[in-house]
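Number of protein chains: 2
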Amino acid sequence: MVVLPFSQSEYDRRIARTRKAMERYGVDVLFVTSPAGMNWLTGYDGWSFYVDQGVILTGEGSPYWWGRLMDANGARRTTALDDEHILYYADRYIQADDCHPMDDLAEKLADLGFAKAAVGVEMRAYYYSAAGHAALAEGLPNAKLTDASGLLDWERVVKSEPEIAFMRKAAAISTRVMNHAMEIAEPGMRKNVFVGELMKTAIEGNGDDWGDYPAIMPLLPSGADASAPHLTWSGDAFKVGEATFIEQAGCYRRYHAPLSRTVFFGTPPDYMKAAADALIAGLAAGIEVARPGNRAGDIARALETELWKVGIERPNRAGYATGLAYPPDWGEHTVSIRASDETLLEPGMTLHFMPGLWMDDWGLEMTETILIRENGTAEALCSVERKLFVKD
Amino acid sequence: MVVLPFSQSEYDRRIARTRKAMERYGVDVLFVTSPAGMNWLTGYDGWSFYVDQGVILTGEGSPYWWGRLMDANGARRTTALDDEHILYYADRYIQADDCHPMDDLAEKLADLGFAKAAVGVEMRAYYYSAAGHAALAEGLPNAKLTDASGLLDWERVVKSEPEIAFMRKAAAISTRVMNHAMEIAEPGMRKNVFVGELMKTAIEGNGDDWGDYPAIMPLLPSGADASAPHLTWSGDAFKVGEATFIEQAGCYRRYHAPLSRTVFFGTPPDYMKAAADALIAGLAAGIEVARPGNRAGDIARALETELWKVGIERPNRAGYATGLAYPPDWGEHTVSIRASDETLLEPGMTLHFMPGLWMDDWGLEMTETILIRENGTAEALCSVERKLFVKD
Numbered sequence: 001m002v003v004l005p006f007s008q009s010e011y012d013r014r015i016a017r018t019r020k021a022m023e024r025y026g027v028d029v030l031f032v033t034s035p036a037g038m039n040w041l042t043g044y045d046g047w048s049f050y051v052d053q054g055v056i057l058t059g060e061g062s063p064y065w066w067g068r069l070m071d072a073n074g075a076r077r078t079t080a081l082d083d084e085h086i087l088y089y090a091d092r093y094i095q096a097d098d099c100h101p102m103d104d105l106a107e108k109l110a111d112l113g114f115a116k117a118a119v120g121v122e123m124r125a126y127y128y129s130a131a132g133h134a135a136l137a138e139g140l141p142n143a144k145l146t147d148a149s150g151l152l153d154w155e156r157v158v159k160s161e162p163e164i165a166f167m168r169k170a171a172a173i174s175t176r177v178m179n180h181a182m183e184i185a186e187p188g189m190r191k192n193v194f195v196g197e198l199m200k201t202a203i204e205g206n207g208d209d210w211g212d213y214p215a216i217m218p219l220l221p222s223g224a225d226a227s228a229p230h231l232t233w234s235g236d237a238f239k240v241g242e243a244t245f246i247e248q249a250g251c252y253r254r255y256h257a258p259l260s261r262t263v264f265f266g267t268p269p270d271y272m273k274a275a276a277d278a279l280i281a282g283l284a285a286g287i288e289v290a291r292p293g294n295r296a297g298d299i300a301r302a303l304e305t306e307l308w309k310v311g312i313e314r315p316n317r318a319g320y321a322t323g324l325a326y327p328p329d330w331g332e333h334t335v336s337i338r339a340s341d342e343t344l345l346e347p348g349m350t351l352h353f354m355p356g357l358w359m360d361d362w363g364l365e366m367t368e369t370i371l372i373r374e375n376g377t378a379e380a381l382c383s384v385e386r387k388l389f390v391k392d
Numbered sequence: 001m002v003v004l005p006f007s008q009s010e011y012d013r014r015i016a017r018t019r020k021a022m023e024r025y026g027v028d029v030l031f032v033t034s035p036a037g038m039n040w041l042t043g044y045d046g047w048s049f050y051v052d053q054g055v056i057l058t059g060e061g062s063p064y065w066w067g068r069l070m071d072a073n074g075a076r077r078t079t080a081l082d083d084e085h086i087l088y089y090a091d092r093y094i095q096a097d098d099c100h101p102m103d104d105l106a107e108k109l110a111d112l113g114f115a116k117a118a119v120g121v122e123m124r125a126y127y128y129s130a131a132g133h134a135a136l137a138e139g140l141p142n143a144k145l146t147d148a149s150g151l152l153d154w155e156r157v158v159k160s161e162p163e164i165a166f167m168r169k170a171a172a173i174s175t176r177v178m179n180h181a182m183e184i185a186e187p188g189m190r191k192n193v194f195v196g197e198l199m200k201t202a203i204e205g206n207g208d209d210w211g212d213y214p215a216i217m218p219l220l221p222s223g224a225d226a227s228a229p230h231l232t233w234s235g236d237a238f239k240v241g242e243a244t245f246i247e248q249a250g251c252y253r254r255y256h257a258p259l260s261r262t263v264f265f266g267t268p269p270d271y272m273k274a275a276a277d278a279l280i281a282g283l284a285a286g287i288e289v290a291r292p293g294n295r296a297g298d299i300a301r302a303l304e305t306e307l308w309k310v311g312i313e314r315p316n317r318a319g320y321a322t323g324l325a326y327p328p329d330w331g332e333h334t335v336s337i338r339a340s341d342e343t344l345l346e347p348g349m350t351l352h353f354m355p356g357l358w359m360d361d362w363g364l365e366m367t368e369t370i371l372i373r374e375n376g377t378a379e380a381l382c383s384v385e386r387k388l389f390v391k392d
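Chains as they are written, first to last, in UniProt numbering: chain A, 1 to 392; chain B, 1 to 392.
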């Protein structure tokens, strides 16, 4: 008997919401490729997204899981789907020159009666490849393939109470990891040894709440490397006179609460202290306007106003929706915190408010995962002091 | 001054090989999406593959890196490319409804003179999405987009001596992790705590050889869950009477040497001991025929012969090329160890010989990363005893 992370009524609610969105999009059947979408609809969980797989949602009844033969056992053990709703393709389709797994999906969809249907596919999703799309189109010549990117993703933006409970557990893990990081970081410590400690702490989790793997590995460039936001680590040692930002997320059952802070060894230069103060003010200003009725762009504008005061202009967005995620991204690809984003904020949205500064030869990050609440300003889910951490 | 993992002459060799392959494929310019391909050609390294990026290789001169504005600094810090060969798109293209980063790539390729060229793209590669392909085709209406999946990948199959040195370092890390795993595993230990220890060990690395993140997180289902190959961990405790397989890879500067072993707590049933013995014999038989002049399929047949003796028929391939890799896969998507694969084995190939057994209600893995040598049988790069580990 499989115990799902959420109640069946929670999954029923999600399926019903997605079906309503399918009606709006005019699709008869939805093929969900994103691993987060698959998990959200059925509970399916496994590191099998490196091969073609997906969830097929029709207008009624249970969803279908579809994937590689060897992963059907994973579907049996992580979803409540019965065997008739677990469809698979033979191993010979894997990385073969003469056929593609999506040939099999086309057959399965035809068998289910969708040979001439409007089939929604996630053309922007990770793991929905150009080759797969071409094979599916060829296999379903009379179907209408419709780009339904975002259809399901937007249904995931507002988190339910049980999901918010998971986000809080993830945030508690993030907090624990960052506190540990700031405790052990010291000049001379090799960065890989440091990251090993962080990963151990993240996966240990928090008491009974075991830690899952994050969708992005810890990012922690130092000194001039911190001008580049997405560098991971090396075996170099922390040096006096350098800032290192630490961007990481605790993860509880695939739910993420990203959190970043920066540590400086020695005496930070004045421009860095000023930037840190501006970030602190900017985070506070953004959180202040992060409330129902305002728009995502309002958060960005409030932040930017504070940064302009010290002459910093960011050319990048300042955050995004976060939560249930798989590699390579803990962002949900829906709401962006940028001036042009007109999304109305709603209670239950969770955003990584992420005003990283990546300058020509230094960088600084101080970020929060925030929850939009029914009344008042947003809540920062983690609880690590907002400051530039300094170690002499 | 950027210090690349390999000498400039090694990168020159790779570029020259790829250009010859481009001639065979009849493409004027190659757009390399796979992060491993980008790294192999230029050294580029960063967790930025969650947004559109790539390396543009033309018929002459230095390659171009192309990606998001904020990641251009990462290209400056991890490649030897000059600023003219680092191209980027504005942040507003990210996850926007009204434009796609590949619109910018189309403009850049046209600027470089390829508006009417034969443009090779990796349609099967991760992170080359169906939507991106459609945007690129629309932006280059007079170009001929050609599927060049595998063009570069096949040039990576035979590892150079410096690459083999990296593989050995990765293998030493794998060995260290597995030895530590077998040392600490015990009934009652929570699996997440166990994985935390493994990740810490993997990232610490081996002496000066710091550990990098693996392209796949540790897989370690227990008991009946081990019928499913791709389950990660939970907070459950190891139990007496259950087998757990541990599939993991040490990683040195993005080079992987996967290694799996299985541990049983208590007294293993006879069928499991028989299966383990058959796997040991099958690995030895496969390694025996893994030599230049034989084919990849010969390894599979030698293994299968041994497994049939105890009545086991595997419906899955028994391995694949491995080495330089990024999430979500440490496989290289070229050689497969299966009867139908006619690839001639060549010295310098590195394969994950991977005969996992995933039965109806149990599983067993014992795998090796092997190097095809000029003379004689293949070399197993890791050095952990081949047996079913038993802990009473």
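The beta-carbon is built from N, C-alpha and C at its ideal position, and this holds for glycine as well.
Check                                                                                                                                                                           : Outcome
Report the CB separation of residue 423 of chain A from A/Trp65 in whole angstroms; it is logged as a contact under 8 Å.                                                        : Residue 423 of chain A lies beyond the residue range present for chain A, which begins at 1 and ends at 392; the question has no answer from this structure.
Measuring only the C-alpha atoms, how far is A/Ala16 from A/Gly323?                                                                                                             : 20 Å
For B/Val390, which residues in the same chain have their Cβ closer than 7 Å to its Cβ, ignoring the five residues on either side in sequence?                                  : Phe264 and Pro268
Which of helix, strand or coil does DSSP assign to A/Phe166?                                                                                                                    : helix
Tell me whether B/Gln8 sits in a helix, a strand or coil according to DSSP, three-state version.                                                                                : helix
Please compile the residues from chain B whose C-beta is within a distance smaller than 7 Å of the C-beta of A/Asn73.                                                           : Ser227, Ala228 and Trp358
Does the CB of A/Phe49 have a neighbour CB from chain B at under 7 Å?                                                                                                           : yes
Can you pull out the residues from the segment 359 to 382 of chain B whose beta carbon lies closer than 7 Å to at least one beta carbon of chain A?                             : none
With H, G and I counted as helix, E and B as strand and the rest as coil, what does DSSP make of B/Glu379?                                                                      : strand
Looking at the unbroken beta strand (DSSP E) that takes in B/Trp66, where does it start and where does it end?                                                                  : Tyr64 to Arg68
Among the residues of its own chain, which have a CB less than 6 Å from the CB of B/Trp358, if the five just before and after it don't count?                                   : Ser227 and Pro229
Could you tell me the alpha carbon to alpha carbon distance between B/Arg124 and B/Gln95, rounded to whole angstroms?                                                           : 21 Å
Here's a check: name, in chain order, each residue in its chain whose Cβ is nearer than 6 Å to the Cβ of B/Lys387, leaving out the five neighbours to either side.              : none
Looking at the unbroken beta strand (DSSP E) that takes in A/Tyr255, where does it start and where does it end?                                                                 : Tyr255 to Phe265
Just to confirm before moving on: does the CB-CB distance between B/Pro214 and B/Ala165 stay below 7 Å?                                                                         : no
For B/Phe194, tell me which candidate among B/Ile216, B/Leu145 and B/Thr244 has the shortest Cα-Cα distance.                                                                    : B/Thr244
For A/Leu87, which of helix, strand or coil comes out of DSSP?                                                                                                                  : strand
For A/Arg77, write down the residues that DSSP places opposite it in a beta bridge.                                                                                             : BP columns for A/Arg77 are empty, so no partner.
Using only the alpha-carbon positions, how far apart do A/Leu219 and B/Gln53 sit?                                                                                               : 18 Å
Within the 7 Å Cβ cut-off, does B/Asn206 reach chain A?                                                                                                                         : no
Counting C-beta neighbours from all protein chains within 10 Å, is the total for A/Val2 16 or more, i.e. buried, or is it exposed?                                              : exposed
Tell me where the beta strand (DSSP E) around B/Gly286 begins and ends.                                                                                                         : Here B/Gly286 belongs to no beta strand (DSSP E); instead the alpha helix (DSSP H) covers Asp270 to Val289.
Is there a Cβ of chain B sitting closer than 7 Å to that of A/Ala131, yes or no?                                                                                                : yes
I need the DSSP call for B/Phe238, collapsed to helix, strand or coil.                                                                                                          : coil
With contact counted as at least three CB pairs below 8 Å, one residue from each stretch, are the segment 150 to 162 of chain B and the segment 22 to 41 of chain B in contact? : yes
Going along chain B in order, which residues have a C-beta closer than 7 Å to the C-beta of A/Met70?                                                                            : Pro229, Asn316 and Trp358
Leaving out five residues on either side along the sequence, give the residues of the same chain with a beta carbon under 7 Å from the beta carbon of A/Val177.                 : Leu198, Thr201, Ala202, Gln248 and Gly250
Indicate the three-state DSSP secondary structure (helix, strand or coil) for A/Met366 in the structure shown.                                                                  : coil
Note down, in chain order, all residues in the segment 133 to 146 of chain B with a beta-carbon under 8 Å from any beta-carbon belonging to chain A.                            : His133 and Ala134
Taking the alpha-carbon positions, what's the A/Ala130 to A/Gly139 distance?                                                                                                    : 14 Å
From which residue to which residue does the alpha helix (DSSP H) around A/Leu105 run?                                                                                          : Pro101 to Asp111
Who does B/Trp358 pair with in a DSSP beta bridge?                                                                                                                              : B/Gly363
List, in chain order, every chain B residue whose beta-carbon is nearer than 8 Å to that of A/Lys200.                                                                           : Gly196, Glu197, Met199 and Lys200
Under a CB-based cut-off of 7 Å, is A/Ile337 close to chain B?                                                                                                                  : no
Measure the alpha-carbon distance for B/Asp98 versus A/Asp147 and round it to whole angstroms.                                                                                  : 14 Å
Are the segment 286 to 296 of chain B and the segment 359 to 379 of chain B touching by the rule of at least three beta carbon pairs closer than 8 Å?                           : yes
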